[in-house]
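Beneath this line is the structure, given in structure tokens, with notes to follow.
2 protein chains.
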Amino acid sequence: MKNYSRQREAILNVLRSTDTHPTAGWIYERVREQIPNISLGTVYRNLTALSQSGDILSINVGDGQEHYDGDNSSHLHLRCKCCTKISDIALSLDPFARLALENGFKPEASVYVVHGICEKCIQNKI
Amino acid sequence: MKNYSRQREAILNVLRSTDTHPTAGWIYERVREQIPNISLGTVYRNLTALSQSGDILSINVGDGQEHYDGDNSSHLHLRCKCCTKISDIALSLDPFARLALENGFKPEASVYVVHGICEKCIQNKI
DNA sequence: CCCAAATCAGTAATGATTACTATTTTATTA
DNA sequence: TAATAAAATAGTAATCATTACTGATTTGGG
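Quick mapping for you: the protein sequence lines, in order, are chains A and B.
All letters in the first sequence, in the order written, are residues 0 to 125 by numbering that gives the first Met the number 0.
All letters in the second sequence, in the order written, are residues 0 to 125 by numbering that gives the first Met the number 0.
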């Protein structure tokens, strides 16, 4: 394990203990329960550092806010445009990482998002 | 063909005649060459409408700006974190659309981005 | 031609993110 | 351990892409 600051550890723990894809603001509120005077800037700085180091994934679904994912294994995101929920679908292998390599590209992080309508919202629309 | 306004047609044409993935600001500058007094708000409004109708794709790579893609066929994006260039890799079929359907999710638009380092930048780093 | 709905240009407001600075914490070296 | 350098932080101010708003203009159906 690397030697992370108390703040960075707390941020990482918050992300590891949820299966949602929270924003910086949400993470900030959670971490404040442990470190009440943590700065929002610190949260942003550490989220950036953590995604650069590959500990977490940074996901942008086009809603104006960055989302973060504590799960750095390869998976697909299904984002419902109706309820805005993001579901994860585990992938046994990453089909596009290979394709990237074949094109001389060194892959580091993959973000796969399918936008559409989830089962629940389809039913509610009837 | 649908009956689009002159502004929307011009915006769509700009996007159809480039293989880059421009931002709203870039598109605005291009369209202004034809319609000098077009409003930036009009560009944003039409880009939103065009991506909702499926004419174009809206891509967010986490650089703080939305990118737009005139190619709405299924393809993979390789984004170099070094030179920020986005390359397209055509996909004969969309492997994740099927996966989405199997999970009761109705797919409408897919955005696949692999972040990493491109061939050119790897060589320049030596 | 007339009217209602849609779209527009121009501008102001929003809000997520970043930049900045003085202070505190951590690591290093002797 | 003490001194010092380097890194990280809290708090706040600034940025800037995007959205909201408003009054004018365009469009399309009857």
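C-beta atoms are modelled at their ideal positions from N, C-alpha and C, and glycine is treated no differently.
Note down, in chain order, every chain A residue with its Cβ under 8 Å from the Cβ of residue i.
i	result
S57/B	G61
Residues of chain B with CB under 7 Å from residue i, in chain order?
i	result
R108/A	Just to set this straight, residue 108/A is Ala in the shown sequence, not Arg. Under the 7 Å cutoff, chain B gives H114.
K105/A	G115, I116, I121
To which residues of the same chain is residue i closer than 8 Å at the C-beta, ignoring the five residues directly before and after it?
i	result
L92/B	S73
V30/A	Q6, A9, I10, V13, I37, V42
I34/B	R5, Q6, A9
Measure from the C-beta of residue i to each C-beta in chain B and report whether the shortest distance is under 9 Å.
i	result
A23/A	no
L14/A	no
E65/A	yes
L46/A	no
C79/A	yes
N102/A	yes
Given this structure, state the Cα-to-Cα distance separating residue i from residue j, to the nearest angstrom.
i	j	result
G24/B	D54/B	19 Å
L98/A	S52/A	23 Å
H66/B	S57/B	6 Å
N123/A	I26/B	38 Å
A108/B	I116/A	10 Å
K84/B	D70/B	16 Å
T22/A	Q64/A	7 Å
H20/A	S50/A	14 Å
G103/B	P94/B	15 Å
D18/A	D18/B	36 Å
N2/B	N2/A	60 Å
On a Cα-Cα basis, can you pick out the residue from the options that is closest to residue i?
i	options	result
A96/A	I88/B, Y3/B, Q33/B, R97/B	I88/B
V42/B	G61/B, G63/B, L14/B	L14/B
E101/A	N123/B, R5/B, E118/B, L100/B	E118/B
N59/A	Y111/A, L11/A, N2/A	Y111/A
K105/B	V113/A, G103/A, K105/A	V113/A
S4/B	E32/B, G115/B, T22/B, I37/B	I37/B
T47/B	Q33/A, D62/A, P35/A, I34/A	D62/A
S16/A	D68/A, L90/A, N2/A	D68/A
Give me the chain A residues within the contact set of residue i, using Cβ-Cβ distance strictly less than 7 Å, ordered along the chain.
i	result
Y111/B	F95, Y111
L75/B	F95, L98
Please decide whether residue i counts as near chain A, where near means a Cβ-Cβ distance under 9 Å.
i	result
I88/B	yes
Once the 5 residues before and after residue i are set aside, which same chain residues still bring their CB inside 7 Å of it?
i	result
C120/A	C79, C81, C82
N45/A	Q6, R7, I10
L90/A	S73, H74, L75
E32/A	none
Given residue i, which residues of its chain have a CB within under 6 Å of its CB, disregarding the five upstream and five downstream residues?
i	result
S86/A	L77
L39/B	Y27
Is there at least one non-hydrogen atom of the ligand SAH closer than 8 Å to the beta-carbon of residue i?
i	result
L92/B	By its list of ligands, the structure shown contains no ligand whatsoever, and the ligand SAH lies outside what it can speak to.
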